Amino acid sequence: RIAMPARLNHLEFLTLLALARLGDDANASSVRADIATIGGRRASVAGVYAALDRLVALRLARSWLTDPRPEPGGRARRHYHLMPAGLSWLQREHSRTTALWRGVPTAGR
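Okay, so the sequence shown: first residue is 7 according to the working numbering, each after it adds one.
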């Protein structure tokens, strides 16, 4: 059994959520766009790659290279997938934060 990381930084958390939303077709560009669209936050390309690298190192996500694109000089792209441990981490974090919000008024005072 792999120990779950106690903490992820905010960008790593948003990146993990993006992987959950995007499914198997996730790459750094689509993750970055998802964070901007859904999370309302702009993230640098370098920041997203660093977050993805850490999630892979923690075994919360995995990566693989696609076949090279068919055009001349076409390159392979790195894609990412949420691992079961990543989904478990998100579920645990959701439960924890939901419990923290109990009793907190969310409407204006």
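All C-beta atoms, glycine included, are put in the ideal place defined by N, C-alpha and C. All figures in this text were calculated on a predicted structure; none of them were measured in a lab.
**Report entry** Anticipated Cβ contact below 8 angstroms, GLY45 with LEU20, distance rounded
**Finding:** For the purposes of this step, residue 45 is taken as residue 39 along the sequence shown, with counting starting at 1. For the purposes of this step, residue 20 is taken as residue 14 along the sequence shown, with counting starting at 1. Sure, about 5 angstroms apart at Cβ, within 8 angstroms.
Query raised in the report: Apart from the five residues just before and just after ARG60, which ones in its own chain have a Cβ nearer than 7 angstroms to its Cβ?
Result: Here residue 60 corresponds to residue number 54 of the sequence shown, with the count starting at 1. For ARG60, where only same-chain residues beyond five positions count, the Cβ hits under 7 angstroms are GLU18.
Query raised in the report: Distance, Cα to Cα, MET89 vs ARG81?
Result: Indexing the sequence shown from 1 puts residue 89 at position 83. Indexing the sequence shown from 1 puts residue 81 at position 75. Near 25 angstroms, if we compare the C-alpha coordinates of ARG81 and MET89.
Report task. Kindly indicate which three-state DSSP category ALA82 falls into: helix, strand or coil? Result -> As a working note, residue 82 is residue 76 in the sequence shown. Three-state result, ALA82: coil.
**Report entry** For ALA32, the three-state DSSP class (helix, strand or coil)
**Finding:** To locate residue 32, count along the sequence shown from 1; it is residue 26. Three-state result, ALA32: strand.
Query raised in the report: Are the beta-carbon atoms of ALA39 and TYR86 separated by less than 9 angstroms?
Result: In the sequence shown, counting from the first residue as 1, residue 39 sits at position 33. In the sequence shown, counting from the first residue as 1, residue 86 sits at position 80. Cβ atoms of ALA39 and TYR86: not closer than 9 angstroms.
**Report entry** Exposed unless 16 or more other CB atoms sit within 10 angstroms - verdict on VAL106
**Finding:** Counting from one through the sequence shown, the residue named residue 106 turns up at place 100. In the sequence as presented, Val is not what sits at residue 106; that position holds Leu. By the neighbour-count rule (16 or more Cβ atoms within 10 Å), LEU106 is not buried but exposed.
Query raised in the report: Mapping DSSP to helix, strand and coil, what is SER50?
Result: Here residue 50 refers to the residue found at position 44 of the sequence shown. Three-state result, SER50: coil.
Requested in this report: List the residues that DSSP assigns as beta-bridge partners of SER69.
Outcome: Translated into the one-based positions of the sequence shown, residue 69 becomes position 63. Partner(s): TYR86.
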